[in-house]
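Colleague:
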Amino acid sequence: MLLLLLSGMGAVMAQDSVPSRQSLDDAWWTGPMLANSAETLPQGHILVEPYFYDVTSKGSDAFGSRAYVLYGLTDRLTVGLIPIIGYNRVSNGPNSSGIGLGDQILQAQYRLTRFHEGSWLPTLAVQLQETLPTGRYDRLARASDGMGGGAWATTLGLNAQSYFWMPNGRLLRVRLNLTRTFNGDADVTGASVYGTAPGFRGTARPGDAFYIGTSAEYSLTRRWVLALDLFRSYGAATRVDGSTDPVDALPVPTHLQAGPSDVYGYAPAVEYNFSANLGVLLGARVIVGGHNATHSVTPAIAINYVH
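Count along the sequence shown from 1, add 95, and you get the number used in this note's numbering.
(1) Quick one: Cα of alanine 152 to Cα of aspartate 121, how far?
(2) What residue does the beta strand (DSSP E) around alanine 162 start on, and which one ends it?
(3) How would you call methionine 96, buried or exposed, if buried means at least 16 neighbouring beta carbons within 10 angstroms?
(4) With a CB to CB cut of under 7 Å and the five nearest residues on each side skipped, what residues in its chain are close to glycine 154?
(5) Once you ignore the five residues that flank leucine 227 on each side, which residues in its own chain have a CB closer than 8 Å to its CB?
(6) Give the straight-line distance between the Cα atoms of proline 348 and leucine 235, rounded to the nearest whole angstrom.
(7) What do you get for valine 383, buried or exposed, if any count of 16 or more other CB atoms within 10 angstroms of its CB means buried?
(8) Roughly how many angstroms lie between the CA atoms of arginine 270 and glycine 181, to the nearest whole one?
(9) Roughly how many angstroms lie between the CA atoms of arginine 268 and arginine 318, to the nearest whole one?
(10) Name the residue from Thr284, Tyr148, Leu219 whose alpha carbon lies nearest to the alpha carbon of asparagine 131.
(11) Out of curiosity, what's the CA-to-CA distance linking arginine 171 and tyrosine 205?
(12) From the DSSP output, read off the bridge partner residues of glutamine 202.
(13) Ignore the nearest five residues each way along the sequence and tell me which others in serine 102's own chain have a CB closer than 7 Å to its CB.
(14) Could you tell me which of Ser328, Pro355, Val320 sits nearest to glycine 374, measuring between CA atoms?
(15) Quick one: what does DSSP say alanine 238 is sitting in, helix, strand or coil?
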């Protein structure tokens, strides 16, 4: 649908004249809201891109910041970290006691190929992420203090990126992300993000997950870009096993299970680039449906800087 719309726009703008072909160097990009790039940074260069957002759903607001801090170790290998912080405001209970750390992420990406004009081969890269269980997830006096999952997780991904020229000569940049996440177990004590009660002791086994996302960015002018992400994620069932020890009573075996999830949505955005190295993005992620999915709208703003 997006491609058809942009093609129609291109035909109108071109009219009867032969359009000039936009060069790759003429287009400046900040990047869409969700899809990761398949490119790597030149050796010795850094990228800093903080996101500020509010996950708005019925009865709650999850304010947060997620920043990409990446470094070009070689021309083909980029490494970095993704620090995450958050604060939860809820309508049916106390808000978070303060700003807390989420689960932090380490990342490495190795580029396999690079797009060249006139070739059908896109830029391809493999990505490895390791999630560190740094966020609070159990022993919660307030449910809203839960910011993490308590489990180590390894995510393997394949990223692709290519360029197409529209009938009016403007560039369309397209991305595709495929990831698979393998979750470890989490030791759980007391009230937790897994729905356990005070007095509980046991283990949570988060289900593995699969994600597919694609994006298209249209270079409206050198500085202005229109972007759209489409995504879908699948998560296997999560099991919790242990026992709850009530006051002055024998421990009670406790077994909980959250069924598998299937979530899909979209994220439109507008990018403005001050230069080839500095840009801002304003957009919103919308979760519209799925199975065991919470509908939400997440407005966000991001700043992208490369040096």
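For glycine and all other residues, C-beta sits at the position ideal for the given N, C-alpha and C.
Modeller: Checking against the coordinates, here is how it stands:
(1) Here residue 152 refers to the residue found at position 57 of the sequence shown. Here residue 121 refers to the residue found at position 26 of the sequence shown. The residue asked about is misnamed: residue 152 is serine in this sequence, not alanine. About 40 Å.
(2) Sequence index remark: in the sequence shown, residue 162 carries index 67 (1-based). Element bounds for alanine 162: 155 to 167.
(3) Start at 1 with the first residue of the sequence shown, and residue 96 comes out as number 1. Because the pLDDT of methionine 96 is 44, which lies under 50, any placement of that residue in the model is unreliable, and the number read from its coordinates should be weighed accordingly. Methionine 96 is exposed by the Cβ-count criterion.
(4) Indexing the sequence shown from 1 puts residue 154 at position 59. If we look at glycine 154 and ignore the five residues flanking it on each side, its Cβ neighbours are Val185, Ser186, Asn187.
(5) Counting from 1 along the sequence shown, the entry for residue 227 is found at position 132. Cβ neighbours of leucine 227 beyond the five flanking positions: Asp198, Gln199, Ile200, Leu201, Trp247.
(6) Indexing the sequence shown from 1 puts residue 348 at position 253. Indexing the sequence shown from 1 puts residue 235 at position 140. One C-alpha to the other measures close to 20 Å.
(7) Residue 383 sits at position 288 when you count from the first residue of the sequence shown. Per the 10 Å Cβ criterion, exposed.
(8) Translated into the one-based positions of the sequence shown, residue 270 becomes position 175. Translated into the one-based positions of the sequence shown, residue 181 becomes position 86. Rounded to the nearest angstrom, the two C-alpha atoms are 28 Å apart.
(9) Residue 268 sits at position 173 when you count from the first residue of the sequence shown. Residue 318 sits at position 223 when you count from the first residue of the sequence shown. Looking at the two C-alpha atoms, the distance is approximately 14 Å.
(10) On the sequence shown, residue 131 is found 36 positions in, with the first residue counted as 1. Per the Cα distances, Leu219.
(11) Counting from 1 along the sequence shown, the entry for residue 171 is found at position 76. Counting from 1 along the sequence shown, the entry for residue 205 is found at position 110. Those two C-alpha atoms are separated by around 6 Å.
(12) One-based indexing of the sequence shown puts residue 202 at position 107. According to DSSP, glutamine 202 bridges with Gly175, Gln224.
(13) Here residue 102 is taken as the residue at index 7 of the sequence shown, counted from 1. Residue placement at serine 102 is flagged as unreliable, the pLDDT there being 45, under the threshold of 50; the coordinate-derived value follows with that caveat. Beyond the five residues adjoining it in sequence on each side, serine 102 comes within less than 7 Å, by CB distance, of Met261, Pro262 in the same chain, given in chain order.
(14) By 1-based counting over the sequence shown, the position of residue 374 is 279. Distance from the Cα of glycine 374 is smallest, within the candidate group Ser328, Pro355, Val320, for Val320.
(15) Working through the sequence shown from its first residue, we reach residue 238 at position 143. Helix, per DSSP.
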